[in-house]
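Asks: Okay, handing you the structure first.
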Amino acid sequence: MAVDSKLGLLASRAPNFGHLLVHEPLLLVHGAAAEAAVYTDPNTAMIKCRQFGEALTEQAFVQFGLPKMPEKQHLRVKVLSDQGFITQRVRHWFDGVRQVGNKAVHEGYDRQRDALLQVRACYELGVWFHRTVTGGDDVADFVPPQPASTPPAHEELFALLAAYRAELVEMKTSVTEHREMAAAEAAAQAEATAAVTRAVADQAELKALVEQLMGTVATLQQQLTTRAESAAPIDAALRDQFVEQSTVASRPRLTEAATRRIIDRMLAAAGWVVQDRVDTNVHAAQGVAVREVPTGDGRADYLLYVDTKLVGAIEAKRQGTGLGGVDCQTARYAADLDTGQRLAAWRTPLPFRYESTGVDTRFTNTLDPIARPRRVFSFHQPSTLARWMRSADDRPDAPTLRARLQQLPDLNTGGLRPAQIEAITGLETSLADDRPRALIQMATGAGKTFTMVTQTHRLLRHAGARKVLFLVDRNNLGRQTETEFANYRIPDDGTPFSALYNVQRLRSGIVLDSTHVVISTVQRMYAMLRGEEVTEADDRDTYEIDDAVEVEYNPAIPPESFDLVIVDECHRSIYGRWRAVLEYFDAHLVGLTATPVAQTFGFFHENLVSQYTYRQAVADGVNVDFDVMRVRTVVGEQGGSIPANVPVRIVDLHTREERYEQLDTELDYRADAIGRTVMNPSQIRKVIQQFHDDWPQYFPQRTHVPKTLIFAKTDQHADDIVEIVREIFGGDARFCAKITYRADNPEQLISDFRNDAAFRVAVTVDMIATGTDVKPLEAVIFLRGVSSATYFEQMKGRGARTVDADEFQRVTPDARAKEKFLLVDPVGVTDSPLVDAKPLQPATQRQVSLERLLAKAASQGIDVDEAAALSSRLTALDKQITPAERAELADLAGGATVQQIAQEIERATDADAQEAALQAGGQDQQRQIVLDAVRTLAEHPELRARIVTIRRKYDLPYDEHTIDEVLSVEAKLMNSDTAERTVEDWRAYMHEHRDEITALRIAFDDPSGDPATVYRSLTQLAAKIKDPPHRWTPDVLWRAYQKLGVAQGNGGRKGVPELMAILRYELGLDTDLRPHRSTVEDNLANWIARQEQQGTTFTLDQHWWIDTIAITIANRLHVTPHDLDGVPFTTRGGIDGFVRDFGDDRAEDVLQELNQELPA
């Protein structure tokens, strides 16, 4: 018999795992093998369960398109958890089968009861995966494997089998319209007995098939591993679907009786009085739900009465049942009523129909023109259905909102730009088609908010919408939206919007019934849904949370509160944390963004109703174009160093007090540390001076400095920038000022910056980064890095606004009109493509304060992620404190230093340590080693208080010894040749100079070649292509490839190494075009892993050398012994230090290996 035939036969004989054949044959084989060996060889059964779990994670990586699968199972599970694909319940199953399986492997553990428990866990994992991937529930109930002869003598095992048998009966019990409970229980008992009997009869054949297929396991495993290691990413919409389906699939599959109890509670929470049929009293309340009512076509699970009128029906299905197609069953109950029910009905067929499992609820309103089921959070309140009934009676031609959305009048296009017209008409088409979600992409400055105000007016006036929710994620956006509504005039007669409709920006915990438009931050709405008391003084922009939020039904703000939810800057709001807030409401969702990313399209079901890009906005005169002035300085590129034993200015950030002291050791810092952990006034001064000298080249025949916005890293950084700007430009306090949240009256400062001709330069951190318009801006200077493309576009967009010529001339008198803006980049934000989005970090790594982490340690409420963050914070603090403070803290800690405490916590939170603890004592042991690690902090409150005090003090050293120098100033015109043309011309150049290129190919292929020679050849090539007519640089070429979707990753500044990467790609030597730094980093990780496998470990000092050499190789392709006597190696003693740390016998070999292994 062929293997495929045997697998098919095995699937038919394995009731608990047969459904997995369609996903991965290895899952079927491992699961069936475990099931077959539960009683005869429980040790093997548990080992097979472990193998099942490992194979399932591999298949999950393939299915979910996750790259770089870890080798260790517990790390794979962590990735799946971090990416949102598994819940804690599913993770517990994975951990269980792995732990018990390891015990079976290493200790020969062979308890039958545990073998049966692990088979059940594998069954649950298989069901979860099948339901996640398919979205259905077409799997059989668990049939417990039976012993071959008499019942097992072990009392606990016998009890477990009996419980599984009883559960099987319950799961098969279904009360239908044709079957009462007693008959249902009898039928379920018979079905369960038949399933068990059939499984017993198939046991011998099951074992035989498993044995025959054991020879195929190695091949199947190799095929699966190969697929997992090269898993291709999936599109955002599919990923979004899998995450959603996984959440549902991970919930318990409850019996029908348990599901009905949940539905009863949901109805009661929504204001319904739930009654049995014999106790029916439709006068008891406005809304009455009657259970188990016979109709003309059978028994309806619930019939709904509103104001004594029969209006709807509910079909209940046990939790875990897919609801696809169930609406047809509900429709029969709604239509086939008996005579009395027809007399009581408001309309026939009954229009309001629900299907629910208690977790997943669908609703159909047959009064809608497109009557199809939609997912709702819970049942609507009786008062809502009553209002819908009145509306249908009053307007039979358009009885519902969705009907009226199909009858909107023509748009009055006066005062609207073409892009705004397109957005409104596109959205209204989507609403008329009843698409639940829609996305509008509109460039910054193109009038997104005005567009939505216009749309809101049309829905309120012509579609009869009651309430519209405008969600923002920052308070300043909320204020601007409120202003936009206040300034809006109705197109027909110029009536102010606020004269006809009430607009409420939420400042308390109450949504007024008279309100038509509610403006709220997503954070405040979340607090309200949770029932928290929200006061007017609570003007929070952020909300500290560790995981994605969960919301529960709130009768004060039911899901049907709003007819439309507009999500401004939706690229920030939809990810993980706040998603549940958006999905709570039974309303159409509209997302607004200038910078959509893949996840944005996925969340909005790829329904992009309008797209208006920045380039289109420039072409239309809606935005202005920009030039880039790229300033490179020595310190800005390479960092600097403060020597030891010289006076250093130190600023206490808590008190702003200055003092001078000598550092005991030399302080080296990287460029990205400037402004955060160290200050270099020379670097700021060089950049500002260069801007001062060069801005007239971009704005000729002007005397007024262009209105300029400078982005700083911190409040202190901003203060220093303000001082230097005033100094270099000879300006006073009115000329340049800081606008941050800490400034006095920042809103007034923003207004002054817009309108005051004397106020030329503003310095900010985040306050004006997004959502704040200062239209006369003509220069934006980045003295801080940005890692997100979306945030960069928002920051850059501050300068893109057009402005009326008269308004512009009032604040810049010698300018004719705003024609462009200048982006000054001394930190490299324009050097490389920024990532679109990053996986969300836990709040512990993102925003939880050190003080709060210490408090959690004290209260024993700290988890492993928070402890890891605490270790990182303490390590950073230890590097900043003085020797005296270090000794003081050690004394308060009973002798332990801050570094020792941090290291102890780091060891406890290490993934391998956590795994070892799990194996030794389960989750309790995992938690205990964390608590043991933070015990010193928990036992010494004075230590915690002093740490907080010192952290707040935070000494900031000023490097006044490293004098910066300008390396280059490059003017980039962003509207250059197209990417396609650039790449085509480059390929033509390669063909024309093929002899030179071929020589490089030979050099690339020669492992014994001299890297220095290759580097010189590439440098010469880079110099040639930089000359006219091409004027190419590695950066220009790389950006062209990136725009075509060929170049991967963020490679930082593009130089000769990236030119080599482009050449290798074009010559077919590499299949992917990646930044050279990424290649070096991957090769370094692989080299270190191989060294560790061979038993070689490295000290911290040796790791410094290896990492620094790798950075140099990433920049220069190689490192010679002579290079080791240059910067930055001289800080560790140069070549002598290298030999000292590695030894005479190893040093040369290590350097040679790194030069050979890392660049390849």
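Numbers in the working numbering are just positions in the sequence shown, counted from 1, shifted up by 278.
From the three backbone atoms N, C-alpha and C, an ideal C-beta is built for every residue, glycine too.
None of the values given here were measured: they were computed from a predicted structure.
1. With three or more beta-carbon pairs closer than 8 Å as the criterion, would you say the segment 709-720 touches the segment 883-891?
2. Give the range of the alpha helix (DSSP H) segment to which Arg-1294 is assigned.
3. Hey, Ser-661 and Gln-782 are a contact pair by Cβ (cut 8 Å); roughly how many whole angstroms apart?
4. CA-CA distance, Ala-865 and Thr-873?
5. For the segment 943-1027, which segments carrying the beta strand (DSSP E) assignment without a break, of at least 3 residues, lie completely within its bounds, in sequence order?
6. Assess contact between the segment 896-915 and the segment 1094-1104, defined as three or more Cβ pairs (one per stretch) separated by less than 8 Å. Is contact present?
7. Can you look up Gln-1177 in the DSSP assignment and give me helix, strand or coil?
8. Could you have a look at Asn-901 and say whether DSSP puts it in helix, strand or coil?
9. Tell me which same chain residues have a C-beta within less than 7 Å of the C-beta of Asp-998, skipping the five on either side of it?
10. May I have the straight-line CA-CA distance separating Val-912 from Asp-1242, to the nearest angstrom?
11. Enumerate in chain order the residues of its own chain whose CB-to-CB distance from Phe-977 is below 6 Å, with the five nearest sequence positions on each side excluded.
12. I'd like to know whether the C-beta atoms of Asp-1237 and Ile-928 end up nearer to each other than 7 Å.
13. Less than 8 Å between the CB atoms is what I'm expecting for Glu-838 and His-658, so what's the real figure, rounded?
14. Please report the straight-line C-alpha distance between Leu-1167 and Cys-327, rounded to a whole angstrom.
15. Assuming Leu-749 and Ile-835 are in contact, meaning their beta carbons sit under 8 Å apart, how far apart are those beta carbons, in whole angstroms?
16. Determine the DSSP secondary structure at His-301, reduced to helix, strand or coil.
17. Under the three-state reduction of DSSP, which class applies to Met-1045: helix, strand or coil?
18. Per DSSP, what kind of secondary structure is Arg-241 in: helix, strand or coil?
19. Counting along the chain, where does the beta strand (DSSP E) carrying Phe-1099 start and finish?
20. Could you compute how far the alpha carbon of Phe-882 sits from the alpha carbon of Ile-966?
21. Taking the alpha-carbon positions, what's the Asp-930 to Arg-937 distance?
22. Going by DSSP in three states, Ser-1149 sits in which element: helix, strand or coil?
23. According to the neighbour-count rule (16 or more other Cβ atoms, all chains shown, within 10 Å of its Cβ), is Glu-1144 buried or exposed?
24. In the DSSP assignment, the alpha helix (DSSP H) including Pro-524 goes from what residue to what residue?
25. Of the choices Gly-379, Glu-1262, Thr-525 and Asp-554, whose alpha-carbon is the least far from that of Val-571?
26. Is any heavy atom of the ligand MN found at a distance shorter than 6 Å from the C-beta of Ala-1135?
27. Unbroken alpha helix (DSSP H) runs of length 4 or more, entirely within the segment 675-737: which are they?
28. Would DSSP call Glu-828 helix, strand or coil?
29. Between which residues of its own chain and Glu-760 is the CB-CB distance below 8 Å, once the five residues before and five after are set aside?
30. Would you call the segment 509-527 and the segment 405-417 in contact, with 3 or more CB pairs under 8 Å?
31. Sorted by chain position, which residues of the same chain lie with C-beta nearer than 8 Å to Thr-1175's C-beta, five sequence neighbours on each side aside?
32. Helix, strand or coil, according to DSSP, for Phe-630 in the structure here?
33. Val-924: buried (16+ other C-beta within 10 angstroms of its C-beta) or exposed?
34. Determine the DSSP secondary structure at Thr-1311, reduced to helix, strand or coil.
35. Which word fits Ser-634, buried or exposed, when buried means at least 16 other C-beta atoms lie within 10 angstroms of its C-beta?
36. Name, in chain order, the residues that DSSP records as bridge partners for Lys-587.
Replies: Let me lay it out:
1. yes
2. 1289-1304
3. No, Ser-661 and Gln-782 are not in contact; Cβ-Cβ is about 20 Å, not under 8 Å.
4. 24 Å
5. 945-947, 986-989 and 1014-1016
6. yes
7. The DSSP-derived three-state label of Gln-1177 is helix.
8. strand
9. Around Asp-998, the same chain offers Met-957, Pro-959 and Ile-962 as residues with beta carbons nearer than 7 Å, after the five sequence neighbours per side are excluded.
10. 6 Å
11. Pro-984
12. no
13. 5 Å
14. Going by the C-alpha atoms only, they are around 50 Å apart.
15. Contact flag wrong, Cβ pair sits at about 13 Å.
16. coil
17. coil
18. No information on residue 241 is available, as it lies outside the stretch 279 to 1438 that the chain covers here.
19. 1098-1103
20. Taking the straight line joining both Cα atoms gives about 43 Å.
21. 8 Å
22. helix
23. buried
24. The displayed chain sequence assigns Ser, not Pro, to residue 524. Looking at the DSSP string, the run of the alpha helix (DSSP H) that includes Ser-524 is 514-527.
25. Asp-554
26. In the structure on display, the ligand MN does not appear, and there are no ligands present to speak of.
27. 679-682 and 696-710
28. coil
29. Same-chain partners within the cutoff: Val-781, Arg-783 and Ile-797.
30. In short, these stretches touch, since the Cβ pair count reaches three.
31. Result list for Thr-1175: Asp-1156, Arg-1164, Leu-1167 and Ala-1168, in chain order.
32. strand
33. exposed
34. Shown here, Thr-1311 sits in coil according to DSSP, grouped into three states, outside any helix or strand.
35. buried
36. Val-584
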